[in-house]
Amino acid sequence: VITIWPKKGFSIYWNIPTHFCHNFGVYFKELKQFNIKYNSMNNFRGETISLFYDPGNFPSMVLLKNGTYEIRNEGVPQKGNLTIHLEQFTKELDEIYPKKIAGGIGVIHFHNWRPIFRRNVDNLKINKDISIDLVRKEHPKWDKSMIEKEASNRFETSAKIFMEKTLKLAKEIRKKTEWGYHGYPHCLSGSTDKPSFDCDALSMSENDKMSWLFNNQNVLLPSIYLKNVLKPDEKIHLVQERLKEAIRISKNLKHLPKVLPYWWYTYQDKESIFLTEADVKNTFKEILTNGADGIIIWGVSYELTDRKRCEKLKEYLMKILGP
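Numbering follows my numbering, in which position 39 of the sequence shown is assigned residue number 335; successive positions increment by one, without gaps.
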């Protein structure tokens with residue numbers, strides 16, 4: 297049994313769409329007895345916490361299941377139409393998050409690109425490639441470093457506008473909600489001999505460049521999802537690094553935004569496996585002792601498609617998460 301006493305004001309949020317389990321006669325009424333905050337009727341959006349996946353019409357290269365990309369709103373931020381995006385964002389909020397239910401934490405979940413040019417790696421590298429290609433076509437005689445510098449400047453300037461305007465609009469039209477972007481602050485080590493999740497000097501300086509975002513957020517929402525392949529000490533190190541950086545940023549801001557890390561109860565690289573009791577205990581302990589204001593327990597709807605899966609999560613709540 298896990299017994300870690302939370303500090304004063306520490307809150308645990310339930311951001312799992314367990315209302316799907318009602319279809320199979322599985323309910324999560326016990327959340328209240330464990331002092332976990334949740335929306336009425338276990339709804340995914342409501343008065344306590346609401347998450348918005350890829351809202352509005354952000355310019356994006358959307359990766360499809362067949363490995364190809366779909367171009368949306370011109371693909372990259374420097375080519376995108378801001379008005380179309382903000383109009384769509386407002387429309388979506390009116391439809392799925394009306395003022396009468398709005399409150400608590402509001403989370404913008406957008407990960408088709410990152411506003412720091414260097415951090416667009418792996419599936420996001422296409423954003424760098426397109427940006428570089430656009431400048432190369434305009435300036436075929438420029439050398440590689442000039443092209444990359446200009447591409448980076450154009451991309452980051454426009455990415456900032458899209459993210460900042462979206463956040464300011466959300467705060468303006470849903471004033472009772474405390475807003476933030478999921479997964480930020482983010483860390484990506486600039487060194488090949490350090491784990492990618494290390495918050496090294498380069499990561500910290502890039503995050504300082506993003507003060508325009510953090511200054512406008514009511515909450516900082518770093519993600520601390522674990523991979524099964526990591527060793528126990530590496531898992532703890534990942535949690536420490538993400539939390540340490542979020543708390544550093546919060547303390548450097550006048551309004552001291554809350555730090556509420558997102559935590560997934562399954563492993564990133566093995567989604568069918570729930571975190572072991574030891575991993576739950578270790579990560580929760582780090583979150584509690586490193587100064588976070590709470591934790592958001594997250595999950596996805598495809599994990600809750602039948603009675604068996606719902607009952608498995610309910611049992612996990614009763615035996616591992618709740619106590």
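Backbone N, C-alpha and C fix where the C-beta goes; we use that ideal spot for every residue, glycine too. Keep in mind the model is a prediction, meaning the values are calculated, not measured.
So, using beta-carbon positions, are Leu617 and Ala588 closer together than 8 Å? Your numbering for residue 617 matches position 321 in the sequence shown. Your numbering for residue 588 matches position 292 in the sequence shown. Cβ distance not < 8 Å, so Leu617 and Ala588 don't count as in contact.
Give the straight-line distance between the Cα atoms of Glu611 and Tyr598, rounded to the nearest whole angstrom. Taking the sequence shown and counting its residues from 1, one reaches residue 611 at position 315. Taking the sequence shown and counting its residues from 1, one reaches residue 598 at position 302. Answer to the nearest angstrom: the Cα atoms are 18 Å apart.
Would you list, in sequence order, the uninterrupted beta strand (DSSP E) runs of no fewer than 3 residues that lie entirely inside the stretch 444 to 507? 474 to 477
If the criterion is Cβ atoms closer than 8 Å, does the pair Leu463 and Ile404 meet it? Here residue 463 corresponds to residue number 167 of the sequence shown, with the count starting at 1. Here residue 404 corresponds to residue number 108 of the sequence shown, with the count starting at 1. Between Leu463 and Ile404, the C-beta gap is smaller than 8 Å, which places the two residues in contact.
Three-state secondary structure (DSSP) of Arg341: Locating residue 341 in the sequence shown gives position 45, counting from the first residue. DSSP, read as helix, strand or coil, puts Arg341 in coil.
Apart from the five residues on each side of it in sequence, which residues of its chain come closer than 7 Å, Cβ to Cβ, to Asn339? Stepping through the sequence shown from its first residue, residue 339 is reached at position 43. Around Asn339: His315.
Report the option in Ser568, Leu522, Val515 whose CA atom is closest to the CA atom of Ile543. In the sequence shown, residue 543 corresponds to position 247, counting from 1. It is Val515.
So, for Glu537: in the same chain, excluding its five sequence neighbours on each side, which residues have a beta-carbon less than 7 Å away from its beta-carbon? Here residue 537 refers to the residue found at position 241 of the sequence shown. Excluding sequence neighbours, Glu537 sits near Cys483, Phe493, Asp494, Cys495.
For the structure I just gave you, are there three or more beta carbon pairs, one from the stretch 356 to 368 and one from the stretch 439 to 446, closer than 8 Å? The stretch 356 to 368 vs the stretch 439 to 446: no contact.
If you measure between the beta carbons of Pro491 and Ile545, is that distance less than 8 Å? As a first step, residue 491 is located in the sequence shown; it is residue number 195 there, counting from the start. As a first step, residue 545 is located in the sequence shown; it is residue number 249 there, counting from the start. No, these two residues do not count as a Cβ contact at 8 Å.
Among Lys456, Ala398, Lys440, which one has its Cα closest to the Cα of Leu347? If you number the sequence shown from 1, residue 347 lands on position 51. With distances taken between Cα atoms, Leu347 lies closest to Ala398.
Taking a contact to mean a Cβ-Cβ separation below 8 Å, would you say Thr344 touches Asn331 in this structure? By 1-based counting over the sequence shown, the position of residue 344 is 48. By 1-based counting over the sequence shown, the position of residue 331 is 35. No, Cβ-Cβ distance for Thr344 and Asn331 is not below 8 Å.
Taking 8 Å as the threshold, find out whether the stretch 565 to 573 comes into contact with the stretch 511 to 525 through three or more Cβ pairs. yes
List the whole-angstrom C-beta distance separating Ile684 from Met357, where the pair is believed to meet the contact cut-off of C-beta under 8 Å. Outside the modelled stretch of the chain, which goes from 297 to 619, sits residue 684, for which no answer is possible.
I'd like the span of the alpha helix (DSSP H) that includes Tyr521, first residue to last. In the sequence shown, counting from the first residue as 1, residue 521 sits at position 225. Here Tyr521 belongs to no alpha helix (DSSP H), and DSSP marks it neither H nor E.
Less than 8 Å between the CB atoms is what I'm expecting for Gly351 and Phe385, so what's the real figure, rounded? For the purposes of this step, residue 351 is taken as residue 55 along the sequence shown, with counting starting at 1. For the purposes of this step, residue 385 is taken as residue 89 along the sequence shown, with counting starting at 1. Note that residue 351 is Pro in the sequence shown here, rather than Gly. Yes, Pro351 and Phe385 are in contact; Cβ-Cβ is about 5 Å, under 8 Å.
So the beta strand (DSSP E) Ile404 belongs to, where does it begin and stop? Numbered from its first residue, the sequence shown carries residue 404 at position 108. Here the beta strand (DSSP E) through Ile404 covers 401 to 405.
Exposed or buried, Trp508, counting other C-beta atoms within 10 Å across all chains shown (16 or more means buried)? Locating residue 508 in the sequence shown gives position 212, where the first residue counts as 1. So Trp508 ends up on the exposed side.
Close-in-space but distant-in-sequence residues of the same chain around Val322 (CB under 7 Å, 5 per side omitted): Taking the first residue of the sequence shown as position 1, residue 322 is located at position 26. Hits under 7 Å: Arg603, Cys606, Glu607, Lys610.
When DSSP builds the beta bridges, which residues end up paired with Glu366? For the purposes of this step, residue 366 is identified with residue 70 of the sequence shown, where counting begins at 1. Glu366 is bridged to Val358.
Look at the alpha carbon of Gly486 and the alpha carbon of Phe324, and state the distance between them as a whole number of angstroms. Locating residue 486 in the sequence shown gives position 190, counting from the first residue. Locating residue 324 in the sequence shown gives position 28, counting from the first residue. One C-alpha to the other measures close to 43 Å.
Pick out whichever of Lys577, Lys433, Lys361, Leu378 has its Cα sitting closest to the Cα of Lys456. Taking the sequence shown and counting its residues from 1, one reaches residue 456 at position 160. Answer by Cα proximity: Leu378.
Check this for me: beta carbons of Tyr349 and Lys333, under 8 Å apart or not? As a working note, residue 349 is residue 53 in the sequence shown. As a working note, residue 333 is residue 37 in the sequence shown. With respect to the 8 Å criterion, Tyr349 and Lys333 are not classified as neighbours on the basis of their beta carbons.
Proximity to Ala497 [Cα-Cα], best of Gly595, Lys540, Trp594: Mapped onto the sequence shown, residue 497 falls at position 201. Comparing Cα positions, the closest option is Lys540.
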